[in-house]
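Residue numbering for the sequence shown follows our numbering, beginning at 1040 and increasing consecutively.
Structure record follows, encoded as structure tokens.
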Amino acid sequence: MLSTVISTAIAVVFGGISGIAPQWLDTLLMRLTEILLSVPNLLLVILLQAILGKPNVVTISVVIGVTSWTSIAKIVRTEVRQIRNSEYAIVSESTLSFMGIGLPLEIISWGSMLSLSEKALLTGSWWIILILGIFLVVTLLCMTAIGNDLRRQVNQKQSNL
């Protein structure tokens, strides 16, 4: 159990840093990981245990934990990269809530407001849904513009390095 906790903690930190790092640092960290993966794990365990001295449950667990994080780190890095490049939240949530399968109506969100305004549309108050729709579209356009600007700035800084 201790070895699993140690290897998972190292892998999450290392993979997370690699996943959000600039390209040059990500490449460096992944090459280090691949070098460690190329060495047989049992050889590393024997080497570290010889350095630590007399084996006991704690030292063996620490050695196994310190030497077995590499494959998990590659998975964490891949997931962080995938999540980092994904689009989320407002569009999905508002669509699900508008269809009635998202957040409950008691929780205020774009989708629940649009769902409630649908009832106003049936009573002839069409401007309510129009105003909410316009605000939703403007919010999404602003967030997209901010995201594109941030991406451009990061890419510009990376190209200047």
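The beta-carbon is built from N, C-alpha and C at its ideal position, and this holds for glycine as well.
Source: prediction; values computed, not measured.
Original post:
If we cut at 8 Å on Cβ distances, does Ile1085 have a partner in chain D?
Top reply: Given the protein chain composition of this structure (a single chain), no chain D is represented.
**OP:** Please confirm whether Leu1087 and Val1115 have their CB atoms less than 8 Å apart.
**Re:** Taking the first residue of the sequence shown as 1, we reach residue 1087 at position 48. Taking the first residue of the sequence shown as 1, we reach residue 1115 at position 76. Not closer than 8 Å, so no.
**OP:** Could you check what DSSP says for Lys1093 in three-state terms: helix, strand or coil?
**Re:** Residue numbering aside, residue 1093 sits at position 54 when the sequence shown is read from its first letter. Looking at Lys1093 - three-state DSSP - the assignment turns out to be coil, as it is neither helix nor strand.
Subject >> Burial state of Ser1133 (16 or more Cβ within 10 Å) >> reply: Numbered from its first residue, the sequence shown carries residue 1133 at position 94. Buried, by the Cβ-count rule.
Subject >> the region 1136-1155 contacting the region 1089-1097, beta-carbon criterion three pairs below 8 Å >> reply: no
Subject >> DSSP state of Ala1050 mapped onto helix, strand, coil >> reply: Mapped onto the sequence shown, residue 1050 falls at position 11. Three-state result, Ala1050: helix.
Subject >> Cβ pair Ile1170, Ala1159 closer than 8 Å >> reply: Mapped onto the sequence shown, residue 1170 falls at position 131. Mapped onto the sequence shown, residue 1159 falls at position 120. Going by beta carbons, Ile1170 and Ala1159 fall outside the 8 Å limit.
Original post:
Going by C-alpha distance, which of Phe1053, Gly1054 and Arg1123 is nearest Gly1186?
Top reply: Walking along the sequence shown from the start, residue 1186 turns up at place 147. Gly1186 has its Cα closest to that of Arg1123, out of Phe1053, Gly1054 and Arg1123.
**OP:** Tell me whether Thr1178 is buried or exposed, calling it buried when 16 or more other Cβ atoms sit within 10 Å of its Cβ.
**Re:** For the purposes of this step, residue 1178 is taken as residue 139 along the sequence shown, with counting starting at 1. The residue in question, Thr1178, is exposed, as its Cβ has fewer than 16 Cβ neighbours within 10 Å.
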